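> One structure is given below, represented as C-alpha cells, and several questions about it will come after.
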Amino acid sequence: MGFPVLSLIIFIPLIAGLIILALPAERKQAIRVVALVASLMDLVLAFWVYFTYDVQAGGYQFVERMDWVKSLGIAYFTGVNGVSVPLVLLGAVVLTSGVMVSWKVEERPREFFAFYMFLGSSVQGVFCSLDLFMLFFFFELAVFPKYLMIAIWGYPKTRDYGSMKLTLYLFLGSVLSLVGVLAMWSAGGHTFDMLELEKAGFSRAFQTGWFLVVFGGFAILGGIFPFHSWAPDGHVAAPTAVSMMLAGVEMKVGAFAALRVAITLMPDGARFYAPLILALGTVNVVYGALIAMIQSDFKYVIGFSSVSHMGLVMIGFATLNREGLLGAGLQMFSHGIMTALFFAVVGMVYDRAHTRHIPELGGLSQKMPLAALGFIIAGLVSMGMPGFSGFVAEFPIFMGAWQVMPIVAIIAILGVIVTAGYILLVVRRVFYGNLPEQLNALVGDVSTMDKIVIVGLSAMMVLMGILPTWTRMVPLIESGIAQILVLLGGA
Amino acid sequence: MNPAPFELSMLLAILPEILLVVLAALVLLLNLGVRHRAEGVLGWLTAIGLAVIAVLSAVFARPGDTPQLIFGGMLRLDWVSFSFRLLFLLGAAITVLVSLEHARTITGEYLALLLVSTLGMSLMASSANLIMLYLAIETTSLPLYLLAGYYVENQKSVESGIKYMLYGAVTSAVMLYGFSLLFGLSGTANLAMIPFRLTQTGVSPLLVGGALFLTLVGFGFKVSAAPFHFWAPDVYEGAPTPIAGFLSTASKAAGFAVLVRVLLVTFPQLASFWTLVVAILAALSMIVGNLLALTQRNIKRLLAYSSIAQAGYILVGVAADSPLGVAGMVYYLTSYLVTNLAAFAIVWLVAQQVGSEDLDAFSGLGKRNPAIALAMLISLLSLGGIPPLSGFIGKVLVFAAAVEAGQVALAIIGVLTSVIGLYYYLTVMKILYRPAVDEAPLKPSLSWRTAMLICVVLMLALGVIVAPWYGQSLAAASALF
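Protein sequences appear in the order of chains G and X.
With the first sequence counted from 1, adding 5 to any position gets you my numbering.
With the second sequence counted from 1, adding 2 to any position gets you my numbering.
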C-alpha cells in the first residue's frame, strides 16, 4: 500500500478548510496562506502522481483500501487509472489557481476559503474513488459549498436564482443516479466495489432499464442538453474562483462519473443508448455555440461555451471507440484548464471594469495585455487550433464520431466554426477597438498572482498542444481507455 | 415462544424504567425543598440522571442472544427495546439540557412529566402485549399533552395542548377499537400469539385487515404521517420549543418502535397488504410534508412539515419489510433525533432573543454567533441528506431497502421529494448568512452548548463512522425477523 498519496490529495484541502474555519476571522492573511499552501501541496502531490503513474503497467495504481461498513459492502477504496490521473491534476491546478485569483476576496474570507477547500476535497474524492458509495459521498459533499459560495459571494443580481437552480438541478441528478447505483448494488451482489461490479455481469434488461437513470443523473452535472441550463446561470452567478471550479472541474466530475459508473459498468446499456447520447451531445455543441454567439454578457458567452464543449465530451463517450474516448479524456482536461482561464480573465475584467456588458467594454488589451493574451490562447484552444490542446482533444473525437455516425462529426465541426465566430467576436469587442473613456480611469493591469495563473494555465495548454506525448497526456489517457475498451468488449 | 417464569433477574431488565420512576419522584420531592432559584440544579440533576440511567441500561439491561418474554409476556427484552430505550434517554437528556436555557420552563413538574413520558416510551418499545402496549402509549401521551400546553398564560400553548389531546384521544380511541377487534378475533392479547390464533380460527383476512387498519390510525398519529399529520404544525408552533423538539423526535421514534413491532410480529401474513398501505402513507407524507413546508414563514411550522416529510422517509424503510429496511429505519431515527433536536434547540435560543419565530429572525445569525450558525447549517444539511452527515446515511439505507424490496417507484418519489426538501432547507440556510439589523452577539448557556455539542458530534460521527451503530440497528432489526 505504501505512501497514501491519494488520501493526502483528498484530505489535505478538507483539513485545510477545517483549520481555516478554526482561525479567527480577522486573520485574513493567515487564512489565505493556509489555503494557498494546502492547494500547492495538493498540486505537488497531483504532479507526483501524474509523473510516477506507470503507464506500461496500466490499471489502477496508488490503491488504498479499508473497510468502512463491511456488512453493506462499503469500503474506503481509492485508486487512479489513466483517465483519472489527469483529472486529479486538473482538480489540483484549478484549486490552486482559484485560490490565487481570489486573493483579494474581502467579504468573509474565512468562510470563502474554507468552503472552497471543501469543494476541492469533494472533486478529488470523486476522481479517486473505486467504491461507489464513497464516490457518492464525495459527490454530494460538494452540495453545500457550491450553494453557499454562489449565494453569499455571487453576483448580487442573479445569485439567489443561479445558486438555487444549480444546486437543485445537480442534486436532482445525483439522487437519481443514487437510486440507479442502489439498484446496481442490489443486483450486483451487495457490494459498492466498482471492480467487483465490473464483473457482476448485469443482465441486458437491467442495463437498458437503469443505464439512462444513472448516466442521465451524472450527465446533468456534465451539462447535457436539455438539462444544461443550470450551467450558464450558475457559472455566471458564481464568484470567479467558483466559476472556475464549477465549469473547469465539477462538470468533469459529472462526465467522469457518467463514464466510470454508467458506461463502464453497464456497457450494454451504453451501446443501446449511444445514438441518443450522440444526438444530445451534438445538440449541445451546436446549440451552446449559437446561444453563446448572441450573448451580450461577457461571462454568459463563456458559460454557454462550456455547454458547447461538454457536448464534445459526450459525443466522445458515445462513440465507444478508442479515438472517441481518447478525445473525450483529453477534452475533459483541456477544457477544464481552458475554461478556468476564461473565467479567471472574465473575473479580472469584471473586478476592474465593474461591468460585463460587452458593448460597454473595449480596448482592454492596452490596459491588461497579459490577460488579453491569456484569453486569446484560451480562445485558440476553444476553437481547436492546431498547436493547442483543443486540437489534440477535438480531432480524435471527430475521428471517432466519423466511424460511427459521420453526420454527427459534420454537424459538430460546424459547431466548432460557430465557436471560432463568437470567440473572435468577443476578443475583438472586449480587448481591441476603442477603450471607453470611463474604463480608461478604472482599469489597471492585473496583479502578480493573476499573472502567475494566466501564464501557468496557458503554458499547460500550449505544452499539451505541441507535445501531447512528451507531456504524458496521450499515453496516460490511452492506457486508461484501453482498460475501458476491454470492459466494453470491443478492440 | 412462551413467557419465562418470573425470576428476580427480570427486575434487572426493567432497571432503567424503575430508575426513571425513582428519578421522577426524586425530582418532585426536591422541587418541594428547593422551591426557588435552584431550578438549574434540578435540570442538571435530571440530565445527569438520564445519562447515568442510559449507561446502566447499556450495561445491565442488555438482551441475551435470544429475545426473552418477561413478566408474563407483557414485555419483550430484545435489541429493539434496548436500542430504542437508549434513543429515548438520549432525546430526553438533550431536551432537558436545552430547556435549561430558559428558567421559566424548568420546574420540577416539567421535568417529572418529561421523565414519565420517557418511561412510557421505553415501555412502548418493549411491549409484547396489546394491553401493555395501550397503557404504555397512554403513559407517554398524557404527560406530553400537559407539556404541550405548559405555558398556561399563553393562548397558543394552551391551544396546542388541547389540540394535541383531542387528536390524540380520537386516534387512540380508534386504535383501541382495533386492539379490541384483534383480541376478540384471536382470543389473545399477546402480540406474537395473535397470528397463530388467527390462522387456527381461520378468521377472514378482511376482518384482520380492518383491525390492522384501525391500529395504523393510532400509530400514524404518533409518527405524524400523512394523512394523520394535521395536528403537528399547530401543536409544534404553540408548544414550548424544546417540547416540540421532543414530540417530533423521541415521541415519533416511539411510534415507529411499536409500528414495526406490531406489523412484523402480529401481521406477517398480511405483509403484502400492509407494505402497500405503509408505502402509500410514506409517499403521501413525503409529498405533503415537503410541498407544504415550502410556503411556511414560521420556522417551527416549517420544521413541523419537514418532520412529516422525514416520517415519510422513515416509513420507506418500514415498507420494505426487510432487516435492511428496519435497520435503516432505526439508523434514520437516530440521525433524525439528534438533528431535529439541534434544529429546535437553535430555534428556541434565537426566538428567545429576537422574540419572533419568523424565518427572518434568523438573518444575521452567521455574524451574531458563527458557531451556532454553523451548527444550524449542519442540522439543515443533515435533514436534507447531505454527506458527511448522518442524514445522508439514513437516506441511503432506506432507499437501498426500497430498491432491494423492488419498490423502485417509492424510492424515486423519495429522491424527487428530497430535492424539494433541499430547496427549503437551503432557503433557511441562506437566511442565516444574510445581514440583519440586530447583530448583537448570542451567548447561550453552558447546558445549551453541551446539548448542541452532543448533537453535532453525533451527526458527524453517525455520518462518517457508520459501522457500529449500523450493526446495532441491524441487531435490532433481526430481533423482529
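The beta carbon of each residue, even a glycine, is placed where N, CA and C say it ideally should be.
Everything numeric in this text was worked out from a predicted model, so none of it was measured.
Give the single residue among X:A363, X:A213, X:Y152 whose Cα lies nearest to the Cα of I178 (chain X).
Residue identity check: residue 178 (chain X) is Leu in the sequence provided, not Ile. Ranking X:A363, X:A213, X:Y152 by Cα distance to L178 (chain X) puts X:A213 first.
> Would you kindly check if the distance between the Cβ of Y166 (chain X) and the Cβ of A191 (chain X) is under 8 Å?
Judged by beta-carbon spacing, Y166 (chain X) lies beyond the 8 Å limit of A191 (chain X), meaning their Cβ atoms are not closer than that value.
> Please state whether the Cβ-Cβ distance between L331 (chain G) and E145 (chain G) is less than 8 Å.
Not in contact: L331 (chain G) and E145 (chain G) (Cβ atoms no closer than 8 Å).
> For the alpha helix (DSSP H) that contains L135 (chain G), what are its first and last residues?
Per DSSP, L135 (chain G) lies in no alpha helix (DSSP H) segment and is marked neither H nor E.
> Is the separation between the beta-carbon of M466 (chain G) and that of V354 (chain G) shorter than 8 Å?
Not a contact, by the Cβ cut-off of 8 Å.
> Apart from the five residues on each side of it in sequence, which residues of its chain come closer than 6 Å, Cβ to Cβ, to R361 (chain G)?
So the list reads D302, F303, K304, Y355, once near-sequence residues are dropped.
> Taking the beta carbon of F118 (chain G) as the centre, do at least 16 other beta carbons fall within 10 Å, making it buried, or is it exposed?
buried
> Output needed for V184 (chain G): all residues of its chain with C-beta closer than 6 Å, excluding positions within five of it in sequence on either side, in chain order.
none
> Within this structure, are the beta carbons of I388 (chain X) and F149 (chain G) separated by less than 8 Å?
yes
> Determine the direct distance from the alpha carbon of A255 (chain X) to that of V398 (chain X), and round the result to whole angstroms.
19 Å
> Helix, strand or coil for A496 (chain G) per DSSP?
Low confidence applies here, because A496 (chain G) scores a pLDDT of 40, under 50, leaving its location unreliable; read the following figure in that light. A496 (chain G) falls in the coil class under three-state DSSP.
> Please return the same chain residues whose Cβ sits closer than 6 Å to the Cβ of V356 (chain X), not counting the five positions on each side in sequence.
A363
> According to the Cβ coordinates, are T344 (chain G) and S313 (chain G) closer than 8 Å?
no
> Scan the segment 68-92 of chain G for residues whose Cβ lies nearer than 9 Å to a Cβ of chain X and list them as they occur along the chain.
D72, W73, V74, K75, S76, L77, I79
> Please confirm whether E406 (chain X) has its beta-carbon closer than 8 Å to some beta-carbon of chain G.
The C-beta of E406 (chain X) comes closer than 8 Å to at least one C-beta of chain G.
> Touching or not, the segment 278-293 of chain X and the segment 340-359 of chain X, by the rule of three or more beta carbon pairs under 8 Å?
no
> Who does S436 (chain X) pair with in a DSSP beta bridge?
First, the residue type needs correcting, since residue 436 (chain X) is Arg and not Ser in the sequence shown. None, per the DSSP bridge assignment.
> Can you list the residues of chain G that I414 (chain X) reaches, using a CB-CB cut of under 7 Å?
V184
> Less than 8 Å between CB atoms is the rule here; does L402 (chain X) satisfy it with respect to chain G?
In the sequence as presented, Leu is not what sits at residue 402 (chain X); that position holds Ala. Closer than 8 Å to some Cβ of chain G, the Cβ of A402 (chain X) qualifies, so yes.
> So what does F215 (chain X) bridge to, in DSSP terms?
Answer is none; F215 (chain X) lacks a bridge partner.
> Taking C-beta pairs closer than 7 Å, name the residues in chain X that V180 (chain G) reaches, listed in chain order.
V417, S420, V421
> Starting from the N-terminal side, write out each stretch of the beta strand (DSSP E) that is 3 residues or longer and does not extend beyond the segment 264-289 of chain G.
Runs found: none.
> Hey, is F269 (chain X)'s beta-carbon within less than 8 Å of any beta-carbon in chain G?
no
> Report the residue from G:A487, G:E365, G:M319 whose alpha carbon sits nearest the alpha carbon of G406 (chain G).
Residue identity differs from the one stated: residue 406 (chain G) is Ala in this sequence, not Gly. It is G:M319 whose Cα lies nearest to the Cα of A406 (chain G).
> I believe Y334 (chain X) touches I316 (chain X) by the beta-carbon criterion, under 8 Å. Please report the beta-carbon distance rounded to the nearest angstrom.
5 Å
> If V458 (chain G) sits next to M105 (chain G), beta carbons under 8 Å apart, how far is it from one beta carbon to the other, in whole angstroms?
5 Å
> Leaving out the 5 sequence neighbours to the left and right, which residues in its chain are closer than 6 Å to A97 (chain G) when beta-carbon positions are compared?
D47, L48, A51
> Taking 8 Å as the CB-CB limit, is K432 (chain X) close to chain G?
yes
> Measure from the C-beta of M271 (chain G) to each C-beta in chain X and report whether the shortest distance is under 8 Å.
no
> With distances taken between CB atoms, is the gap from G45 (chain X) to S449 (chain X) smaller than 8 Å?
Contact: yes.
> Specify whether the segment 360-379 of chain X and the segment 424-436 of chain X touch according to this definition: at least 3 beta carbon pairs, one from each stretch, less than 8 Å apart.
Inter-segment contact for the segment 360-379 of chain X and the segment 424-436 of chain X is present: three or more beta-carbon pairs are separated by less than 8 Å.
> For chain G, is any of its Cβ atoms less than 8 Å away from the one on P389 (chain X)?
Closer than 8 Å: yes.
> Quick one: is W475 (chain G) buried, meaning 16 or more other Cβ sit within 10 Å of its Cβ, or exposed?
exposed
> For F483 (chain X), is the classification buried or exposed, using 16 other Cβ atoms within 10 angstroms of its Cβ as the cut-off for buried?
exposed
> Roughly how many whole angstroms lie between the Cα atoms of G42 (chain X) and I108 (chain X)?
7 Å
> Nearest CA to the CA of L181 (chain G): which residue from X:S420, X:C457, X:Q298?
X:S420
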